[in-house]
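Using the working numbering, you'd call the opening residue of the sequence shown number 1294 and step up by one each time.
Yeah, the Cβ is synthetic: ideal placement off N, Cα and C, and Gly gets one too.
Here is the structure we will look at.
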Amino acid sequence: MAAMETVSCPYCGAELEELPTQCPLCGRCIPLEPWEVVREVSTEWEAELLCGVLRSHGIPAQILSQRDSTRMFTVGALAVVKLFVPAVYREPAHRLLKEL
Ligand SMILES: [Zn+2]
1294 MAAMETVSCP YCGAELEELP TQCPLCGRCI PLEPWEVVRE VSTEWEAELL CGVLRSHGIP
1354 AQILSQRDST RMFTVGALAV VKLFVPAVYR EPAHRLLKEL
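Encoded structure:
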């Protein structure tokens, strides 16, 4: 049931319990930070959709909505929702998002 939330090693694909960690298979260190923006979208549902796709492929993803920080200024079309992944997942995340 928790299949959506498993994390894969960005190097060898081994299943990891949580980040940061050292991969038990390839021995590489997988840091959780820094986080990097992989995509900017204008709607939260789109961000959540992409976030869900990344997570279902073992990539830890997070959404940062401007609405969270600047609640006063969300009027109009300027709202930007940013999709973040840990920097070590940049490549697989970009590859995945490009395929969509
Ligand atoms: Zn590994």
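Heavy atom of ligand 1 within 7 Å of residue i beta-carbon
i     : result
A1307 : yes
L1390 : no
R1321 : yes
C1344 : no
Y1304 : yes
L1393 : no
L1318 : yes
Buried/exposed call for residue i, threshold 16 Cβ in 10 Å
i     : result
R1332 : buried
Y1393 : In the sequence under discussion, the amino acid at residue 1393 is Leu, which differs from the Tyr named in the question. Result: exposed.
P1327 : exposed
L1302 : Residue identity check: residue 1302 is Cys in the sequence provided, not Leu. C1302 should be labelled buried.
L1389 : buried
Pick from the options that is closest to residue i, judged by C-alpha positions
i     : options                       : result
L1312 : Y1304, C1319, G1306 and V1300 : V1300
C1344 : P1385, L1376 and P1327        : L1376
C1316 : Y1304, P1327 and E1326        : Y1304
E1339 : A1372, Y1382 and P1379        : A1372
C1322 : K1391, L1309 and P1385        : L1309
Secondary structure of residue i, DSSP reduced to three states
i     : result
C1344 : helix
E1333 : strand
E1308 : strand
V1373 : coil
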